[in-house]
Every structure is written in structure tokens, then in C-alpha cells.
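This note's numbering puts the last residue of the sequence shown at 540; the count rises by one with no breaks.
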Amino acid sequence: MYLQEEVEPFNNVWISSTVVMSLIFLIPIAGARVMDHLEKKYLMKVPKKWLVSSITTLTLLLELSLTFLVSTRTGLSFIESHFTIGFLLFIMVWFMQLNEFMGNQYANVDNQVFGDGKDIYRVSIFQFKVNPVSIGTFIYFTAAILISIVAYT
388 MYLQEEVEPF NNVWISSTVV MSLIFLIPIA GARVMDHLEK KYLMKVPKKW LVSSITTLTL
448 LLELSLTFLV STRTGLSFIE SHFTIGFLLF IMVWFMQLNE FMGNQYANVD NQVFGDGKDI
508 YRVSIFQFKV NPVSIGTFIY FTAAILISIV AYT
């Protein structure tokens, strides 16, 4: 009976971690498909300035709501959560772009070694790409730094 009690928490942790990992992989894939569909159907008619500003605003609102959620759930102050979430999301956006760049570099190496020897992707230096999500994340992180400096000095 003692062994059964030890196995149940492990199963609950395993199930919840499996659900979290599945969501981590499924949400971006589903989001990309939904965005492709929306872009083809509706967003082609929307002016680019309005689209960029609305995506940036939605990014800021999402980050703000995530900060509020983390702040209330963990008991951290809002300023600490604001800085932590801003920093982590900015790093996450930067790493996603770096990962795409490194994937292209690996594809070139694989094709040169195992394929016909031609470059598939143009070899270049990594540069941070500016898009509405990265703009929103940068604004949020900059605001987090400034608010933290003002609050703690």
C-alpha cells in the first residue's frame, strides 16, 4: 500500500508535465496555421500601419496580463514580475530568431556534406529581425527596466 501512494504523485506530475509540454509545442503550431489562414483571408486588405500597431498593442496587452497572472499566482510584487516577464519574453523572442538562423546554417552544412554542395540559404551574420511582436516585447522590456530603476532607487 505504501508503494501505491508513492506512485500516484509521480503519475500526476507526469501527466501534468506531458500536458504542459504538449501545449508548448501545439500552441505555436496551431497559432501559425491560424495566422496563415487569417493572413490569406482577411489581413491582406488591412493597411500595414494599422496591422503593425494592433499586433504590437496586442503583444503588450498579452504581456501585461501574463505579468498580472504571474504576480497574483506567485505572490511576487508587480514590479518584480514585470521585469522578470519582460526579460524572459525578450530573450525568448531573441532565441527563436537565433534558432531559425542556426537552423539555416545547419541546413547549409548538411547540404554541402551530404547533398549537392550548394548553399540552400544565404550565409549571413545573425541580425535581430524587427517585427510587431519583437517591437512590443522590446517596448515592454524597456518599460520594465525603467520602472524597476525608478522604483528601486
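Just so you know, even glycine gets a beta-carbon here, dropped at the ideal spot from N, CA and C.
Do the CB positions of Tyr336 and Gly473 come within less than 8 Å of each other? No answer is possible for residue 336: the residues shown for the chain start at 388 and end at 540.
To the nearest angstrom, how far is the alpha carbon of Phe470 from that of Ala531? The residue you call residue 470 lines up with position 83 of the sequence shown. The residue you call residue 531 lines up with position 144 of the sequence shown. C-alpha separation (whole angstroms): 5 Å.
According to DSSP, is Thr540 part of a helix, a strand, or is it coil? In the sequence shown, counting from the first residue as 1, residue 540 sits at position 153. Per DSSP, reduced to three states, the secondary structure at Thr540 is coil, with no helix or strand assignment.
Between the Cα of Leu451 and those of Trp437, Leu438, Val517, Ile466, spot the shortest distance and give me the residue it belongs to. If you number the sequence shown from 1, residue 451 lands on position 64. The shortest Cα separation from Leu451 among Trp437, Leu438, Val517, Ile466 belongs to Ile466.
Just to confirm my understanding: we take Ser458, look at its own chain, exclude 5 residues before and 5 after, and list those with CB closer than 6 Å. What are they? Looking up residue 458 in the sequence shown gives position 71. Once the five neighbours on either side are set aside, the close Cβ partners of Ser458 are Phe465, Ser468.
C-beta atoms of Thr446 and Thr540 nearer than 8 Å: Looking up residue 446 in the sequence shown gives position 59. Looking up residue 540 in the sequence shown gives position 153. Between Thr446 and Thr540, the C-beta gap is not smaller than 8 Å, which leaves the two residues out of contact.
In or out: Leu448 buried (at least 16 other Cβ within 10 Å) or exposed? The count along the sequence shown starts at 1 and reaches residue 448 at position 61. Exposed: under 16 other Cβ atoms inside 10 Å.
Cα-Cα, which of Leu475, Ser535, Pro519 is closest to Leu438? Numbered from 1 along the sequence shown, position 51 holds the residue referred to as residue 438. Ranking the options by Cα distance to Leu438, first place goes to Pro519.
Suppose you measure from the CA of Ile416 to the CA of Leu533; what does that come to, to the nearest Å? The count along the sequence shown starts at 1 and reaches residue 416 at position 29. The count along the sequence shown starts at 1 and reaches residue 533 at position 146. About 34 Å.
Let me confirm a value: Met388 is counted as buried when at least 16 other C-beta atoms fall within 10 Å, else exposed. Which label applies? Within the sequence shown, numbered from 1, the residue matching residue 388 stands at position 1. Any reading at Met388 must be qualified, since the residue scores a pLDDT of 49, below 50, and its modelled position is unreliable; no value is offered.
Can you give the Cα-Cα distance for Lys436 and Val480, rounded to whole angstroms? Locating residue 436 in the sequence shown gives position 49, counting from the first residue. Locating residue 480 in the sequence shown gives position 93, counting from the first residue. CA-to-CA, the gap between Lys436 and Val480 works out to about 22 Å.
Taking the alpha helix (DSSP H) that Lys516 falls in, what are its first and last residues? Mapped onto the sequence shown, residue 516 falls at position 129. For Lys516, there is no enclosing alpha helix (DSSP H), as DSSP gives it neither H nor E.
Within 10 angstroms of the Cβ of Thr454, are there 16 or more other Cβ atoms? Answer buried if so, exposed if not. The residue you call residue 454 lines up with position 67 of the sequence shown. With 16 or more other Cβ atoms within 10 Å, it is buried.
Just the Cα atoms here: how many angstroms apart are Ala419 and Thr529? On the sequence shown, position 32 is the one that residue 419 refers to. On the sequence shown, position 142 is the one that residue 529 refers to. Distance between the alpha carbons of Ala419 and Thr529 is about 27 Å.
Where Phe501 falls, given that 16 or more other Cβ within 10 Å makes a residue buried: For the purposes of this step, residue 501 is taken as the residue at position 114 of the sequence shown. By the beta-carbon neighbour count (other beta carbons within 10 angstroms, threshold 16), Phe501 is exposed.
Between which two residues does the alpha helix (DSSP H) containing Val457 stretch? Taking the first residue of the sequence shown as 1, we reach residue 457 at position 70. Its alpha helix (DSSP H) spans residues 435 to 461.
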